[in-house]
Each structure stands twice: as C-alpha cells, then as structure tokens.
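Enquirer:
Protein chains in written order, with the working numbering: chain F, 220 to 298; chain L, 7 to 148.
(1) Go ahead and pull the three-state DSSP assignment for residue 23(L).
(2) In three-state DSSP terms, what is residue 221(F)?
(3) Does any residue of chain L have a CB that is nearer than 9 Å to the CB of residue 261(F)?
(4) Taking all protein chains shown into account, decide if residue 228(F) is buried (16 or more other Cβ within 10 angstroms of its Cβ) or exposed.
(5) Run the CB neighbour count on residue 67(L), radius 10 Å, all protein chains shown included, and call it buried at 16 or more, exposed below.
(6) Assuming residue 132(L) and residue 52(L) are in contact, meaning their beta carbons sit under 8 Å apart, how far apart are those beta carbons, in whole angstroms?
(7) Check the Cβ-Cβ distances between residue 292(F) and every residue of chain L, and say whether any is below 9 Å.
(8) Give, in chain order, every residue of the region 46-65 of chain L whose Cβ lies closer than 9 Å to some Cβ of chain F.
(9) Please classify residue 25(L): is it buried, with 16 or more other beta-carbons within 10 angstroms of its beta-carbon, or exposed?
(10) For chain F, is any of its Cβ atoms less than 9 Å away from the one on residue 14(L)?
(11) Express the C-alpha separation of residue 141(L) and residue 100(L) in angstroms, rounding to a whole number.
(12) Apply the 10 Å Cβ neighbour rule to residue 15(L) and answer buried if 16 or more other Cβ atoms are within range, or exposed otherwise.
(13) Run through DSSP, which three-state label would residue 230(F) get?
(14) Does DSSP classify residue 34(L) as helix, strand or coil?
(15) Output needed in chain order: residues of the region 82-112 of chain L with a Cβ under 8 Å from some Cβ in chain F.
(16) What is the residue span of the alpha helix (DSSP H) that residue 118(L) lies within?
(17) With distances taken between CB atoms, is the gap from residue 64(L) to residue 134(L) smaller than 9 Å?
(18) Could you tell me which residues DSSP puts in a beta bridge with residue 260(F)?
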C-alpha cells in the first residue's frame, strides 16, 4: 500500500524532496519506520530525527493502523 | 484549529496592538510576555544573519493547541496567545511571541516558563541559519 510521506528541514535536504508516495508492506508484525527509511535512504543513518504517524510521534506501525500521513522530523528549533 | 504562524518577523507594533486589546479585560491584573529573538550566533567564525523557519504547520498548530489546553488546566489564566514566525527572520527580529494574562502575577510567571519550554520541546518547527555568504546550518534546540 502507498502512503504519503513528508520530509522536513535537514531531512528534506538529505533526501532531496519534500514529500512522496512510499510503498509500505504492512502486516500484523510491527514495522520500525526508522529502519525502513534508513534502508530506503542510507544517508539518514547517522542523523537524529523523529517520526510522526498521523501527526503523532510514533515510529512503529502495523496493518491494524489507519495511516493517513507519515512525517520525518529533524530536531526542533522553534522559539 | 487556530493558525499560530505569522509570515516573517513578529513586529513590535503587532505586540503593542495585542497588549492594547487587553485593556478592556479589566479582570486581568498581570501579563507576562516572552519574546524570542533571532541571535547572530557565531558558528565556525561565521555570523548568523537570519533564520528561515519551516514547520509541519498542521501538526505544530495541533501541538500549540494541546500546549494551550494543558496550560489552561495547570494555571488559572484569563487568556493566552502564541505566535511563531514562518519564513525568513533576520538577526535581531522577533520570531516567537507568547503572551499570558491572569488575575495575579504568580500564575503568569509560572505559565510563561511552562509554555516556552513546551513549545521549544514539542513544536515541529525547523530553523535554517543563514550566514552572510549564503551558506547555512540547521539549528537545534538545546
């Protein structure tokens, strides 16, 4: 199944895009999205970032979840 | 969901206007304001001239809403405003405006510390620090 993934800040710079549709095979087994994206983009391996699924911080997903959006968020710098 | 983002710097005039709007709320006895200003940091002997802010705006507005709700629960506040810049803000300009009001000083003093720390830790906002030669680094909250 395809999901919309948004990349921000340093992460967008590293993967050279702001968003894309990504094919994810979800099953009843937990999938670690950090591992998934680091395989897709090895350049992410040494970076510090968080993942949000449906705008909530979370990086472990499975087929029971209704996913509308995934976002890769580099360290926050607000304020 | 309220949009807490403002394009470019937050102007001193808009802050003054916001203060003036509260003069009709005569149950307020204390305001506390926090202003975040872009600092001309020296990084590897180069001076930061501006920060370009970007954000997961929808998520950040949700986070601001949750922070607001939790602050209203924790502290006896009359009102609260949060504005954050998006886009380019030059060194010396204001990028964050947090404004809380209450009957008495103690509540707003505690609330402002809580709010600013929560915003810095939880809002998905990113800062690209530009130098005069147009190179950049990415800012990270400590």
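In this text, a Cβ means the ideal position worked out from N, Cα and C, and glycines have one as well. Since we're looking at a predicted model, the values are computed, not measured.
Expert: Well, looking at it:
(1) Start at 1 with the first residue of the second chain, and residue 23(L) comes out as number 17. Residue 23(L) falls in the helix class under three-state DSSP.
(2) Your numbering for residue 221(F) matches position 2 in the first chain. It is a strand residue.
(3) Here residue 261(F) refers to the residue found at position 42 when the first chain is read from its first residue. No, its Cβ sits nowhere closer than 9 Å to a Cβ of chain L.
(4) Numbered from 1 along the first chain, position 9 holds the residue referred to as residue 228(F). Burial call: buried.
(5) Along the second chain, read from residue 1 onward, the residue named residue 67(L) stands at position 61. Per the 10 Å Cβ criterion, buried.
(6) By 1-based counting over the second chain, the position of residue 132(L) is 126. By 1-based counting over the second chain, the position of residue 52(L) is 46. At roughly 20 Å, the Cβ-Cβ gap does not stay under 8 Å, so residue 132(L) and residue 52(L) are not in contact.
(7) Residue numbering aside, residue 292(F) sits at position 73 when the first chain is read from its first letter. Closer than 9 Å: yes.
(8) 57, 59, 60, 61, 62, 64, 65
(9) Position 19 of the second chain, counted from the first residue, corresponds to residue 25(L). By the 10 Å Cβ count, residue 25(L) comes out exposed.
(10) To locate residue 14(L), count along the second chain from 1; it is residue 8. No, its Cβ sits nowhere closer than 9 Å to a Cβ of chain F.
(11) As a working note, residue 100(L) is residue 94 in the second chain. As a working note, residue 141(L) is residue 135 in the second chain. If you take the alpha carbons of residue 100(L) and residue 141(L), they lie about 22 Å apart.
(12) Counting from 1 along the second chain, the entry for residue 15(L) is found at position 9. Counting Cβ neighbours within 10 Å, residue 15(L) comes out buried, since at least 16 surround it.
(13) By 1-based counting over the first chain, the position of residue 230(F) is 11. Of the three classes helix, strand and coil, the one that applies to residue 230(F) here is helix, per DSSP.
(14) One-based indexing of the second chain puts residue 34(L) at position 28. DSSP places residue 34(L) in coil when its eight states are reduced to three.
(15) 90, 101, 102
(16) In the second chain, residue 118(L) corresponds to position 112, counting from 1. Annotation: the continuous alpha helix (DSSP H) that includes residue 118(L) extends over 111-128.
(17) What you label residue 64(L) is simply residue 58 of the second chain in a count that begins at 1. What you label residue 134(L) is simply residue 128 of the second chain in a count that begins at 1. In this structure, residue 134(L) does not lie closer than 9 Å to residue 64(L) by Cβ.
(18) Taking the first residue of the first chain as position 1, residue 260(F) is located at position 41. Paired residue(s): none; residue 260(F) is not in a bridge.
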